[in-house]
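Mapping to our numbering: the sequence shown position 68 is 1120, numbers consecutive.
Ideal Cβ positions, reconstructed from N, Cα and C, are used throughout, including at glycine.
These figures come from a predicted structure and were not determined experimentally.
Written below as structure tokens is the structure these notes are about.
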Amino acid sequence: MGFFSRLFRRTAETGSVRLKDVARRVTVLETVPAAPAALVADGVLPTGATSLFRGWKSDPATLCLYDLRDVVLDRSLMVFLKDGKPLLETAYLQDPAAVAALRIRPADIVQVPDQPGPVAACFDHWDSNYYHWLSHTVPTLQALRATGHGAARLILPAGLRPWQAETLALSGFDAHRSVLTEHGKQYAFRRVLYADYVRGAADFSVSPLSQAAYRSLGAGQPATGPRDLRIFIERGAASNRKIPNEADLTAALQARGFVCVRPETLPVAEQIRLFNRARLVVGQLGAGISNCVWCQPGTVVFELVAEHHQNPCDLLLAMQAGLQYWGKLMPTGQQEDNHTAQSEQPLDIASVLQELEQIEAYLPPV
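So, in structure tokens, the structure goes:
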């Protein structure tokens, strides 16, 4: 029976299948200890104001690269299957019931031609989200280079966004050699490299490899001016976690000399150069503030965090870049955790400005 025919068989075995148990080879990329949150003034300003996430610690982790053989990728869930069973560790933030019900569908299978060298997974199911691309894809590309797989063909989403193609080019990967994948299809591979970063295993760990990835990209786009900017990232047309009176906050910060930007309107190279010049970055939890990874060490990140979605993911990015973080909780009127809901009440701008005035004392020199 041929390889692709064998993939369609399901075994009667029950229980989950772990990556380390089915991989032909497991390469440890790094072992990361826990670390305390890197906060401005240790999280307490002279007036007594305290930072969100004070007392928080990052997760310890051992992050690996797995060499998988004879696997199938379900593109819609971005879950790999081995011998007809889903590899649960690749089910990043997916509905457990949907993953449990996942089966190989012969009519939807695309047989990926076997070519010399491996194919590498590099993105999760939020394939159009800039934060996920920076936190999962960019470190994976660094891991591939570090392990001698810089020439690997990448598994990529069909309809690659310009900023994704630009990031790949800046990282030295040829998108034209990739395997483009479409929702609704399943892809059968002889050999796939799968890094823990793809499944978010480093999202709350201070990864030196991730730091190296960001610094490598940043080094190729040197700043065109001094480190003298205070940047405010506007949410603009974004509907998720929108601040009702953001325009008033923009006006108040512009009056104090801030550069107000919407990073999504800029090429990636320009975003890198812009944030490399920052002394202070202010913004709401969202993809735009992920650009803090391009900042120089010591830059201060002041994040406005909606009370209905208190996620330390951007604190972690700041720690990986060697930055100082300050988190201000925004009362929103929402009662349940929801990562997309808008605020039901305006932001207390006077309170934001008061804390910003104190934080100015902790900014790095121009």
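Report task. With DSSP collapsed to three states, give me the class of Trp1382. Result -> As a first step, residue 1382 must be located in the sequence shown, where it is residue number 330. Correcting the residue type first, residue 1382 is Met in the shown sequence and not Trp. DSSP places Met1382 in strand when its eight states are reduced to three.
**Report entry** Rounded C-alpha distance that separates Gly1236 from Leu1115
**Finding:** Counting from one through the sequence shown, the residue named residue 1236 turns up at place 184. Counting from one through the sequence shown, the residue named residue 1115 turns up at place 63. Their Cα atoms are separated by approximately 30 Å.
Query raised in the report: Taking the alpha-carbon positions, what's the Pro1296 to Leu1206 distance?
Result: Taking the first residue of the sequence shown as position 1, residue 1296 is located at position 244. Taking the first residue of the sequence shown as position 1, residue 1206 is located at position 154. Each residue's Cα considered, the two are about 41 Å apart.
Query raised in the report: Which residue comes first and which comes last in the beta strand (DSSP E) that contains Leu1206?
Result: Start at 1 with the first residue of the sequence shown, and residue 1206 comes out as number 154. Counting along the chain, the beta strand (DSSP E) containing Leu1206 begins and ends at 1205 to 1209.
**Report entry** Assigned secondary structure, Pro1398 (DSSP; H/G/I helix, E/B strand, else coil)
**Finding:** As a working note, residue 1398 is residue 346 in the sequence shown. Coil.
Query raised in the report: Exposed or buried, Arg1331, counting other C-beta atoms within 10 Å across all chains shown (16 or more means buried)?
Result: On the sequence shown, residue 1331 is found 279 positions in, with the first residue counted as 1. Buried is the call here.
Report task. Tell me whether the beta-carbon of Ser1110 lies closer than 8 Å to the beta-carbon of Val1353. Result -> The residue you call residue 1110 lines up with position 58 of the sequence shown. The residue you call residue 1353 lines up with position 301 of the sequence shown. Result no, Cβ atoms of Ser1110 and Val1353 do not sit closer than 8 Å.
Query raised in the report: What alpha helix (DSSP H) runs, 4 residues minimum, are completely inside the region 1247 to 1272?
Result: 1260 to 1271
Query - Sequence-distant residues of its chain with Cβ nearer than 6 Å to Phe1284 (five each side left out) - result: Sequence index remark: in the sequence shown, residue 1284 carries index 232 (1-based). Closer than 6 Å at Cβ, skipping near neighbours: Leu1305, Phe1310, Cys1312, Val1334.
Query raised in the report: Can you check whether the CB of Leu1367 is closer than 8 Å to the CB of Phe1175?
Result: The sequence position of residue 1175 within the sequence shown is 123, counting from 1. The sequence position of residue 1367 within the sequence shown is 315, counting from 1. No. Outside cutoff.
Query raised in the report: Taking three-plus beta-carbon pairs below 8 Å as touching, is the region 1367 to 1384 in contact with the region 1199 to 1217?
Result: no
Requested in this report: Starting from the Cα of Ile1341, find the closest Cα among Gln1323, Gly1350, Pro1349 and give me that residue.
Outcome: Within the sequence shown, numbered from 1, the residue matching residue 1341 stands at position 289. Checking every option, the nearest Cα to that of Ile1341 belongs to Gln1323.
Query raised in the report: On the three-state DSSP scale, how would you describe Trp1108?
Result: Along the sequence shown, one-based indexing puts residue 1108 at 56. Coil at Trp1108, not helix or strand.
Query raised in the report: In or out: Ala1064 buried (at least 16 other Cβ within 10 Å) or exposed?
Result: For this step, residue 1064 is matched to residue 12 along the sequence shown. Residue confidence for Ala1064 is low, a pLDDT of 32 falling below 50, so the modelled location carries little weight; the figure read from the coordinates is stated next. Exposed is the call here.
Query raised in the report: What three-state label does DSSP hand Ala1275 in the structure shown?
Result: Here residue 1275 refers to the residue found at position 223 of the sequence shown. DSSP places Ala1275 in coil when its eight states are reduced to three.
Query raised in the report: What do you get for Leu1120, buried or exposed, if any count of 16 or more other CB atoms within 10 angstroms of its CB means buried?
Result: Mapped onto the sequence shown, residue 1120 falls at position 68. Looking at its Cβ environment, which holds 16 or more other Cβ atoms inside 10 Å, Leu1120 is buried.
Report task. With distances taken Cα to Cα, identify the nearest neighbour of Val1080 among Ala1087, Ala1086, Lys1072. Result -> Here residue 1080 is taken as the residue at index 28 of the sequence shown, counted from 1. Closest by alpha carbon: Lys1072.
Requested in this report: Determine contact between the region 1353 to 1365 and the region 1268 to 1277, defined as no fewer than three beta-carbon pairs at a distance below 8 Å.
Outcome: no
Query raised in the report: Which of helix, strand or coil does DSSP assign to Gln1146?
Result: Within the sequence shown, residue 1146 is the residue found at index 94, counting from 1. If DSSP states are grouped into helix, strand and coil, Gln1146 belongs with coil.
Report task. Count the other C-beta atoms from every protein chain shown that fall within 10 angstroms of the C-beta of Pro1419, then say buried if there are 16 or more, exposed otherwise. Result -> Residue 1419 cannot be examined here, being either before or after the span of the chain that is shown, 1053 to 1418.
Query raised in the report: When DSSP builds the beta bridges, which residues end up paired with Leu1375?
Result: In the sequence shown, counting from the first residue as 1, residue 1375 sits at position 323. BP columns for Leu1375 are empty, so no partner.
Requested in this report: Compute the beta-carbon to beta-carbon distance between Pro1098 and Gln1410, rounded to the nearest angstrom, for a pair I have assumed lies under 8 Å.
Outcome: Position 46 of the sequence shown, counting from 1, holds the residue named residue 1098. Position 358 of the sequence shown, counting from 1, holds the residue named residue 1410. Sure, about 6 Å apart at Cβ, within 8 Å.
Report task. Answer yes if the region 1181 to 1191 comes into contact with the region 1150 to 1158, meaning at least three C-beta pairs across the two stretches below 8 Å, and no otherwise. Result -> no
Report task. Quick one: using the 10 Å Cβ neighbour count with 16 as the cut-off for buried, is Thr1427 buried or exposed? Result -> Residue 1427 lies beyond the residue range present for the chain, which begins at 1053 and ends at 1418; the question has no answer from this structure.
Query raised in the report: alpha helix (DSSP H) containing Ala1221: first to last residue?
Result: On the sequence shown, residue 1221 is found 169 positions in, with the first residue counted as 1. Residues 1214 to 1222.
**Report entry** Ala1413 versus Leu1245, Gly1350, Cys1344, Ile1401, residue with shortest Cα-Cα distance
**Finding:** For this step, residue 1413 is matched to residue 361 along the sequence shown. With distances taken between Cα atoms, Ala1413 lies closest to Gly1350.
Query raised in the report: Comparing alpha-carbon positions, which option in Gly1136, Leu1245, Val1418, Gln1263 lies nearest Val1084?
Result: Residue 1084 sits at position 32 when you count from the first residue of the sequence shown. Closest by alpha carbon: Gln1263.
Query raised in the report: Going by beta carbon distance, what residues of the same chain come within less than 6 Å of Pro1416, once the five residues before and after it are set aside?
Result: Indexing the sequence shown from 1 puts residue 1416 at position 364. Cβ within range, chain order: Arg1331, Gly1350.
Query raised in the report: When the distance is taken between beta carbons, is Val1162 closer than 8 Å to Tyr1239?
Result: As a first step, residue 1239 must be located in the sequence shown, where it is residue number 187. As a first step, residue 1162 must be located in the sequence shown, where it is residue number 110. Yes, the Cβ-Cβ distance between Tyr1239 and Val1162 is below 8 Å.
Query raised in the report: Out of curiosity, what's the CA-to-CA distance linking Leu1091 and Asp1400?
Result: Position 39 of the sequence shown, counted from the first residue, corresponds to residue 1091. Position 348 of the sequence shown, counted from the first residue, corresponds to residue 1400. If you take the alpha carbons of Leu1091 and Asp1400, they lie about 22 Å apart.
Query - Nonlocal neighbours in the same chain, by C-beta distance under 6 Å from Arg1329, ignoring five residues either side - result: Against the sequence shown, residue 1329 aligns to sequence position 277. Hits under 6 Å: Ala1275, Gly1277, Arg1279, Leu1281.
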